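Data block below; observations after.
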Amino acid sequence: MIRFLGNIEAKADMKGRIFIPVQFRKQLQAASEERLIMRKDVFQDCLVLYPESVWNEKLNELRSRLNKWNATHQLIFRQFVSDVEIISPDSNGRILIPKRYLQITGIRSEVRFIGIDNKIEIWAREKTEQPFMPAEAFGAALEEIMKAPGEEKTDV
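First residue of the sequence shown? That's 1 in this note's numbering, and the numbers climb one at a time after it.
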């Protein structure tokens with residue numbers, strides 16, 4: 001199972017080509033993942049790279065929760081899959097970010113790759129200069145999520 005970790009800065013060239021960080025490329029090669037699926041994140045202004053096998057798992061999970069005879073469910077599935085790109089890194093480990101993705105995410109030149117479990121996010125670097133959550137809110141949310149079932153939250 002692939003687990004990407006890290007926060008790596010990189011630069012895109014004028015055509016939108018960018019090198020996938022070496023540690024991520026090594027993991028992809030070790031897992032025999034030759035193709036990646038790219039899409040804009042559902043909630044954030046960043047791009048997400050899924051190894052093809054991970055994408056297929058996500059797609060199967062989504063499909064299993066949708067009723068193919070429900071019009072709204074069809075629209076959700078169509079929206080989810082219609083705006084993806086199949087990406088194959090070149091022999092140097094570069095990928096091309098399509099212009100429409102550069103525009104909708106605000107990526108110009110400097111980017112940040114963030115390993116998020118079994119996927120990789122690509123952010124415009126300036127959008128990652130501040131924490132994603134204030135430290136206090138992050139600590140409180142993590143405490144709430146990680147408390148044992150039935151455990152009451154206690155203040156010190």
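Even glycine gets a Cβ: it sits at the ideal position worked out from N, Cα and C.
It should be emphasised that the depicted structure is a prediction, and the values quoted were computed from it without experimental measurement.
Nearest-angstrom Cα separation, counted from residue j out to residue i
i	j	result
Lys147	Gly139	12 Å
Ile114	Phe4	8 Å
Asp13	Leu49	19 Å
Arg39	Cys46	9 Å
Arg100	Ile107	10 Å
Leu36	Glu144	34 Å
Arg78	Asp117	25 Å
Asn60	Glu52	12 Å
Ala30	Phe24	10 Å
Pro149	Leu142	14 Å
Integer Cβ distance of residue i from residue j, believed to fall under 8 Å
i	j	result
Ile104	Val111	About 14 Å; that fails the 8 Å criterion.
Three-state secondary structure assigned by DSSP to residue i
i	result
Ile122	strand
Val158	No answer is possible for residue 158: the residues shown for the chain start at 1 and end at 156.
Phe24	helix
Asn70	coil
Ile2	coil
heavy atom of the ligand GTP below 7 Å from residue i C-beta
i	result
Pro98	In the structure on display, the ligand GTP does not appear, and there are no ligands present to speak of.
Residue i classed as buried or exposed, judged by whether at least 16 other C-beta atoms fall within 10 angstroms
i	result
Pro89	buried
Ala124	buried
Val54	buried
Kindly confirm or deny that the region 5-24 and the region 130-137 touch, where touching means at least three C-beta pairs closer than 8 Å. no
Three or more C-beta pairs under 8 Å: does that hold for the region 60-67 against the region 82-101? Contact between the region 60-67 and the region 82-101 is absent, because fewer than three Cβ pairs lie under 8 Å.
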